[in-house]
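Working notes, beginning with the structure itself.
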Amino acid sequence: MKWLDAERVLQVVKAWVEQLFTQNPDVLRVGLFGSYARGDWGVGSDIDLVVILCQTDVPFIERARYFNTSTLPLSTDLLVYTEAEWEKMLTEGHFAPRIEREARWFKHPDTE
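Residue 459 in this note's numbering sits at position 10 of the sequence shown, with consecutive numbering throughout.
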């Protein structure tokens with residue numbers, strides 16, 4: 450079975466992120482992490498994304514539903530954090546620091 454290669458996934462994710470930036474000014478950056486960021490993807494791999502927002506009052510468990518990933522070509526795991534939550538997570542534990550290093554980051558044009 451043929452599966453999408455990393456270059457194609459990166460192109461599609463980049464287009465999705467650019468559209469997201471135009472639609473949602475609270476999005477600071479988006480990171481592609483997991484197998485497609487590491488280069489060890491294969492048949493059955495999904496897209497792993499983390500979205501960092503300025504702020505939100507929406508509970509963590511409900512945030513991902515506000516982001517339409519249906520245009521992405523593969524199943525997508527989406528995590529959405531505020532900037533403050535992410536900064537705190539970077540100092541506690543291993544998950545956020547690993548993602549911070551591993552991810553292919555896309556920054557909102559207004560923050561560069």
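Ideal Cβ placement from N, Cα and C applies to all residues, glycine included.
Collapsing the DSSP output to three states places PHE555 in a strand.
Minimum Cα-Cα distance from SER484 among the listed residues ASP495, PRO522, ARG478 and PRO474 corresponds to ASP495.
The alpha-carbon of LEU498 is positioned some 11 Å away from that of TYR530. Ranked by Cα distance from PHE482, the first of ASP506, ALA464 and LEU459 is LEU459. The beta carbons of ALA486 and GLU541 sit about 22 Å from each other, so the pair does not count as a contact at 8 Å. VAL500 and PHE555 do not touch by the CB rule: their CB atoms are close to 10 Å apart, not below 8 Å.
At least 8 Å separates the beta-carbon of VAL479 from that of PRO522. Per DSSP, reduced to three states, the secondary structure at PHE470 is helical. For VAL492, the three-state secondary structure derived from DSSP is coil.
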